[in-house]
Every structure is written in C-alpha cells, then in structure tokens.
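To start, the structure itself, in structure tokens.
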Amino acid sequence: MTSLARDAVAGANVAEAVPGFEILLMHRGEVVFNQSFGYWASGQSTHIDSATKTLSGAAIMALTDQRPGFSLDSRLSQYLPQFTDAKAEITIRDAFAHTSGLGYTSYAITDPDLTLQESASQLAAEPIYFPPGTAFVYGGVSMQAAGAAAEVASGMSWNQWFQQRIAAPLGLEVTEYAKTTESNPWIGGGAVSTAPEFARFMEMLRSGGAMDGQQVLSASAVQAMFTRQTALDVDVRYTPLGASADYGVGVWLDERDAQGNLIGAMAAGARGFTSWIDFDDEMVGVFATEYTPFDNIQALQYAIRAAAAAVLDAPLVQVGDANLDGRVDGADYTALADHLYTLNPGIAGGDFNQDGLANGADYTLWADAFFPLPGGALAVPEPGALSLAGMAVGTLLIARRALQRGGVSGGISSSKTGRSRRAGSS
Numbered sequence: 066m067t068s069l070a071r072d073a074v075a076g077a078n079v080a081e082a083v084p085g086f087e088i089l090l091m092h093r094g095e096v097v098f099n100q101s102f103g104y105w106a107s108g109q110s111t112h113i114d115s116a117t118k119t120l121s122g123a124a125i126m127a128l129t130d131q132r133p134g135f136s137l138d139s140r141l142s143q144y145l146p147q148f149t150d151a152k153a154e155i156t157i158r159d160a161f162a163h164t165s166g167l168g169y170t171s172y173a174i175t176d177p178d179l180t181l182q183e184s185a186s187q188l189a190a191e192p193i194y195f196p197p198g199t200a201f202v203y204g205g206v207s208m209q210a211a212g213a214a215a216e217v218a219s220g221m222s223w224n225q226w227f228q229q230r231i232a233a234p235l236g237l238e239v240t241e242y243a244k245t246t247e248s249n250p251w252i253g254g255g256a257v258s259t260a261p262e263f264a265r266f267m268e269m270l271r272s273g274g275a276m277d278g279q280q281v282l283s284a285s286a287v288q289a290m291f292t293r294q295t296a297l298d299v300d301v302r303y304t305p306l307g308a309s310a311d312y313g314v315g316v317w318l319d320e321r322d323a324q325g326n327l328i329g330a331m332a333a334g335a336r337g338f339t340s341w342i343d344f345d346d347e348m349v350g351v352f353a354t355e356y357t358p359f360d361n362i363q364a365l366q367y368a369i370r371a372a373a374a375a376v377l378d379a380p381l382v383q384v385g386d387a388n389l390d391g392r393v394d395g396a397d398y399t400a401l402a403d404h405l406y407t408l409n410p411g412i413a414g415g416d417f418n419q420d421g422l423a424n425g426a427d428y429t430l431w432a433d434a435f436f437p438l439p440g441g442a443l444a445v446p447e448p449g450a451l452s453l454a455g456m457a458v459g460t461l462l463i464a465r466r467a468l469q470r471g472g473v474s475g476g477i478s479s480s481k482t483g484r485s486r487r488a489g490s491s
C-alpha cells in the first residue's frame, strides 16, 4: 500500500501525479493504517465535494427517524409549495437518487447571497426535463431543494439539523458545510471534513447506524441508504461512474457479488476525495485529497481496497517465522542475520515488516515473537499473499498484531469472487 501511494505521488499507476493525499483504513472500527504522502498533513481539513452527498443523505435519513410525517416518499411540494405542476410530484427519494427531473447544476445552489429557502424558490422556477423517477441525471440541484424541504420539516436550519443529529453524536469537530455560506449550504457538494472524521462517519453507517454505544441512525434508515433507489431499467442520461445508476440515498453502490448482493459502497468527490465501505471485510477506507480528478485515482483507490482486503483475508503465519515452520526460533534469527541490511530479502530473509530492508526493526519483531507477551501468537499474512497483492503493508500488519493482542480476531473469511465494480469518474 505504501509503495502504491508513493508511486502515485511520483506519477506512476496514475495518469497524472497526485501531489498530496492521506490514506486511512479502519477495520471493525479500529484505525489500522493512517499515513499522509506528498504535500499533505495527516488529519488535514479538505473540501470533499460530492462525498458531501453521503453526509446529506444521512441527515435526511435522520429526519425520517425523528419526524414520522417525513419520509423518502414525501413530496417536495408538501414543504415547498412553489414546486408546482410536474415538479409537485418530485419526492425526497427522487431528489436524493438523481431522478427528480431537475437539471444537473444551477448557480442558485452556490449563490452566497441567498438563503437555502431562496435557493429552492429559484430552483422551482427552473425547467424540469423529464417526469420524476423516469431517468437518472447525476447532479446537485434536487438535493438542494430537498435540503430546503428538510429545514421546513425539522424546524431548524440545515446546519443546525446536521450538527444536532449527525456531527455532534459522532464527535465531528471539523466536518461542516463551509464551501458557500451558512445561510445557503451546498447540500450536494459543499462540506469540508478530514480523513479521520469522515472514516468515523462511514464506520457508523457500516455498523448499522451505531457508534460508541448510541444509535445515530436507525438500522432501517441505514438500510435504506444502501438500498438501490433507482429502477433497474431507469433511463441513464448522465452518470460520472461508467454507465452506473446503482445509487442509494446519497451514496454509490459500487460493488456487488455474483448474486447481486451489495459488498461495497462509495462516497466520491470531483477532486479526488473518496471513501468506501467494504462490507464483507468490515473495513472503511478514506483517500483524502483535493488535488486530482476522481477519475485519475479511481483505479488506485480500488487497488488500495483490494490490497487491504488481501491482507485481511490471507492465511496467517507468525511474525518472525522466516522459514514458515510454524515456530519462531533461532533459525529465523539466523535468516535475519544472514540478510541484515539486504534490500528486498522478503520474509524468508528476515524482512518481517516488509519495508524492503532487513534491519533492527525486523529484529524487534522477531524478538517480540520469540519472547511473546500474553495474548497468543502474533500473525501476518503469508508472503505469497502479499506478493499477489503487489505491495508490502507493513504498517497495517503491525497494527493488526496490536489488535490481536487485545483479543480482536484478525482472520476474516470472505469471498472475493464475482465482484462487480463500476468504471468511470465522479
């Protein structure tokens, strides 16, 4: 993973070099990898662009939890009477699944001189291009209108509602709608966040709405977010993700198994900020940047997802077991000593942390296993699995050992066959 990231900074495996970014991985709610590369500081605040849609989808679903009269089938016109004629039939579901019939974009959604209610009034006067629910056009106009409806339904400003129902329960201190003005938050693209905070948000969704013993969203609300809200035969007129219209409530449903079961979901922004959930491996990931188009790093983030999953899924051997005989002993120390300061000797040559060099850090790992602390054997994926993944993931492995000491199982069984991913950009 580290080698993939460094290659991206140098311009390898991507069409254009990525000047700076951060990668964060969580497994079962624990951070197992967090590193910044290039011109980027860990935990740096960044514009997340269309990944905002997932935050907004969660805020909408919180409203369905808290206001019984408000649902995905509520019409905008119930709260915004200026939506008339064909626009009167637009539902919250249509608005958050890009099937409203409203346009792709409008100056009204980012006009700093408007309130959110005034923004919605201007959108109500703009054309509708197809009957609601009949076609998919990715954009942000309909979400802006839905945000205005949510203000009416909640009796609060959008920012107040988001802070009360999403940000505060999750302890999000940086994440907010800051790109335009407080009076006219850009519902579909105006938030800022950090890799740690967005990962925490996505982990809440992965966990069925729960975080730190409290239920931020109901399980049914989260299930709705990860349920396709577009018809299978919907007319796809514009999508930035290949030919896909597989979309939930503010989130891409970007990976399914051979049976059609959802195994991966993604929030993605135009300038590269990307976060994903790998359901079968119980992982959340964030690729934080604002320096590159999403389509430049789309293949890279899928490679990172695959590499992390490969590490978790691989057969386990003990750290320090260079000859793979099932025990850590003097023979393994000899292998390390024979290859001390040798480049790329592999695990068989004592490079137990897979950083490309057999050195003192590897001796520490060997000694740690030879004189183990209470908590059982320490383990990493076998060398062949790492080579198949195409990279060394030393930091992830060390963090995984720490989790195992605390009694958290590192062996996850999941099938990677029959995965279906979407191609394109966002």
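Numbered per the working numbering, the sequence shown spans residues 66 to 491.
Glycine included, C-beta positions come from ideal geometry on N, C-alpha and C.
Could you tell me which of the options sits nearest to residue i, measuring between CA atoms?
i	options	result
L270	D403, Y172, A286 and G255	A286
T259	V314, A233 and F338	F338
V206	S219, E216, T199 and P192	P192
E355	A396, E87, P177 and A151	E87
F197	G204, A153 and G220	Checking the sequence, you will find Pro at residue 197 rather than Phe. Among G204, A153 and G220, the Cα nearest to that of P197 is on A153.
A333	T180, L327 and Y312	Y312
Q279	A335, Y303, A434 and R230	R230
D176	A232, N249, Q109 and A123	N249
A360	T304, T245 and A396	Per the sequence shown, the amino acid found at residue 360 is Asp instead of Ala. Comparing Cα positions, the closest option is T304.
L282	L235, F435 and V97	L235
A310	Q109, G254 and D159	D159
Y398	A434, A116 and T199	A434
A151	A116, T199 and G220	T199
D130	G168, A116, T180 and A284	A284
Q109	P410, F352 and G421	F352
A116	L179, Y242 and G421	Y242
R302	A80, T149 and G168	G168
Please return the same chain residues whose Cβ sits closer than 6 Å to the Cβ of residue i, not counting the five positions on each side in sequence.
i	result
I252	S121, M208, Q209 and G212
M331	W317, D319 and W341
S139	I157
A442	In this prediction, A442 scores a pLDDT of 35, lower than 50, which makes its location untrustworthy; the coordinate-derived value is nonetheless stated afterwards. Excluding residues within five positions, the ones whose Cβ falls inside 6 Å are Q383.
A173	S184, Q187 and L188
R336	D114 and E355
F227	A124
N409	G421
I need the straight-line Cα distance from residue i to residue j, nearest angstrom please.
i	j	result
D345	R321	11 Å
S222	I125	13 Å
R512	Y144	Any answer about residue 512 is impossible in this case: the structure gives the chain only from 66 up to 491.
D72	N78	7 Å
T407	L389	20 Å
G315	A289	10 Å
G391	F417	15 Å
Q225	V299	35 Å
W105	F195	43 Å
L462	M267	Note on L462: pLDDT 42, under 50, position unreliable in the model; the coordinate value appears next. Answer to the nearest angstrom: the Cα atoms are 22 Å apart.
L327	L365	21 Å
Q182	S142	13 Å
H404	F201	59 Å
A396	R265	43 Å
K118	G254	7 Å
M276	A232	12 Å
G425	L237	39 Å
V96	A374	14 Å
L179	K244	14 Å
P325	F436	Looking at the sequence itself, residue 325 is Gly, so the reference to Pro does not match. Near 47 Å, if we compare the C-alpha coordinates of F436 and G325.
Q419	A413	11 Å
G411	P358	35 Å
A80	R370	19 Å
Leaving aside the five residues before and after residue i along the sequence, list all residues of the same chain whose C-beta is less than 8 Å from its C-beta, in chain order.
i	result
A467	Reliability fails at A467, whose pLDDT of 42 lies under 50, so the model's placement of it is uncertain and the value that follows must be treated cautiously. Cβ neighbours of A467 beyond the five flanking positions: none.
T347	A small correction: the amino acid at residue 347 is Glu; Thr does not occupy that position in the sequence shown. Correct list, in chain order: H92, R93, R271 and I477.
G103	V74, V83, P84, G85 and F86
E107	Note that residue 107 is Ser in the sequence shown, not Glu. The answer, listed in chain order, is E87, N99, Q100, S101 and A260.
T170	G204, G205 and V206
T149	S142 and A189
Quick one: measure Cβ to Cβ for residue i and residue j, integer angstroms, because I've assumed they're closer than 8 Å.
i	j	result
G385	V393	4 Å
L90	G350	5 Å
L137	T156	7 Å
I113	A256	5 Å
A189	Q147	4 Å
V239	E262	6 Å
Given 7 Å as the limit, tell me if residue i has its C-beta closer than that to any heavy atom belonging to the ligand MG.
i	result
M331	Because no ligand of any kind appears in the structure shown, any question about the ligand MG cannot be addressed here.
Leaving out the 5 sequence neighbours to the left and right, which residues in its chain are closer than 7 Å to residue i when beta-carbon positions are compared?
i	result
L401	A387, G415, A423, D427, Y428 and W431
S186	Q147
A218	L128, R132, F135 and Y144
G76	A82
T246	P177
Self-check item: Three or more C-beta pairs below 8 Å linking the segment 294-308 and the segment 160-168
Solution: yes
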